[in-house]
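A.B. asks: According to UniProt numbering, the sequence shown holds residues 1 to 262 in order. Starting off with a structure, shown below.
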Amino acid sequence: MIDQKQVQLANMELWKQWKEQGLIHARQTLIESYLPLVEYVSGRMAIGLPKSVSKDDLSSFGVMGLIDAIEKFDYARGLQFETYASWRIRGSIIDGLRQGDWVPRSVREKAKKVEEAYQKLEQQYLRSVTDQEISTFLQISEQDFQQMLQDISITTICSIDDPIREEESETRLSLIVDEKAKNPEYQVNEFYLKDSLAKAIDRLTEKERTVVSLFYFEELSLSEIAEVMCLSPSRISQLHSKAILRLKGVLGRFKNQLFQDN
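Next up, the structure:
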């Protein structure tokens with residue numbers, strides 16, 4: 001505990017030296033001290049990516065995100081740098097991969113078809129649809145559907161710098177606001193969004209809910225989840241993809257309703 005406090009005090013001094021005095025050596029020391037965070041984030045994101053994606057490339061993109069975070073972070077606000085930097089590192093890695101055309105257009109088209117299938121069928125039946133129903137809707141076999149899920153598993157990550165709608169420049173990051181500045185309209189929309197997500201999560205299968213919980217709340221990697229659930233990593237990847245596509249379908253319906261109301 002004492003060591004951790006000493007580290008925090010040392011880092012605070014480094015932040016002061018860098019932000020207030022502009023000392024380059026303090027900036028460099030901060031970068032070096034937070035490099036393990038880059039390895040952690042890139043390691044989690046490497047799960048499920050094609051073998052052609054180099055771990056070194058992920059780390060390189062991540063370091064750029066870390067540097068950007070150190071440049072923009074306001075230590076005086078008392079926020080936790082690790083949380084802020086993790087978002088920046090993750091976003092930088094995703095941006096780097098997309099600039100390198102790491103996901104073929106055909107794979108993105110498959111993901112879009114599956115997402116639309118979940119959105120239409122679950123809106124029609126008002127329940128969680130089965131793999132067989134999705135397969136029938138897509139006019140493919142269940143085996144081909146499982147393979148499709150495996151193919152598109154690499155697309156179920158997103159950046160807060162992504163545009164909300166393809167034809168617009170507004171990003172998810174632009175919607176992050178100070179909680180103290182919420183207006184009534186925002187609060188109403190937020191309430192219905194949370195309610196929609198809660199209902200969508202309830203509709204997930206037990207295994208899908210478990211994967212989402214372990215991955216996003218317990219912060220386990222997909223390989224670690226596979227060990228916990230006694231399933232193969234590829235099966236965990238499929239469950240994760242299905243859960244995300246279901247949730248995206250719900251968010252798509254919420255977005256459409258929001259724009260229609262406006």
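Even for Gly, the Cβ is constructed at its ideal location relative to N, Cα and C.
Using CA atoms only, rank isn't needed, just tell me which of I134, E39, Q150 and K72 is closest to D57.
C.D. replies: As a first step, residue 57 must be located in the sequence shown, where it is residue number 57. Checking every option, the nearest Cα to that of D57 belongs to E39.
A.B. asks: Y118: buried (16+ other C-beta within 10 angstroms of its C-beta) or exposed?
C.D. replies: To locate residue 118, count along the sequence shown from 1; it is residue 118. Label assigned to Y118: buried.
A.B. asks: Output the distance between the C-alpha atoms of C230 and S59, rounded to the nearest integer angstrom.
C.D. replies: Taking the first residue of the sequence shown as position 1, residue 230 is located at position 230. Taking the first residue of the sequence shown as position 1, residue 59 is located at position 59. Straight-line Cα distance between these residues: approximately 29 Å.
A.B. asks: At the level of alpha carbons, what is the spacing between Q143 and I134?
C.D. replies: Translated into the one-based positions of the sequence shown, residue 143 becomes position 143. Translated into the one-based positions of the sequence shown, residue 134 becomes position 134. Approximately 12 Å between the Cα atoms of the pair.
A.B. asks: In angstroms with no decimal places, state the Cα-to-Cα distance between T210 and S33.
C.D. replies: On the sequence shown, residue 210 is found 210 positions in, with the first residue counted as 1. On the sequence shown, residue 33 is found 33 positions in, with the first residue counted as 1. Cα to Cα, the separation comes out at about 34 Å.
A.B. asks: Please classify residue 263 as buried or exposed, where buried requires at least 16 other C-beta atoms within 10 Å of its C-beta.
C.D. replies: The structure shown does not extend to residue 263, since the chain spans only 1 to 262, so no value can be given for it.
A.B. asks: Buried or exposed: R127, going by 16 or more other Cβ atoms within 10 Å of its Cβ?
C.D. replies: By 1-based counting over the sequence shown, the position of residue 127 is 127. By the neighbour-count rule (16 or more Cβ atoms within 10 Å), R127 is not buried but exposed.
A.B. asks: With a Cβ-Cβ cutoff of 8 Å, do E122 and R203 count as a contact?
C.D. replies: Here residue 122 is taken as the residue at index 122 of the sequence shown, counted from 1. Here residue 203 is taken as the residue at index 203 of the sequence shown, counted from 1. For E122 and R203, yes; Cβs fall inside 8 Å.
A.B. asks: How is I93 classed by DSSP in three states: helix, strand or coil?
C.D. replies: Working through the sequence shown from its first residue, we reach residue 93 at position 93. It is helical.
A.B. asks: Can you grab the Cα-Cα spacing for the pair T136 / V129, in whole Å?
C.D. replies: Reading the sequence shown from its first residue, position 136 is the one you call residue 136. Reading the sequence shown from its first residue, position 129 is the one you call residue 129. Going from the Cα of T136 to the Cα of V129 covers about 11 Å.
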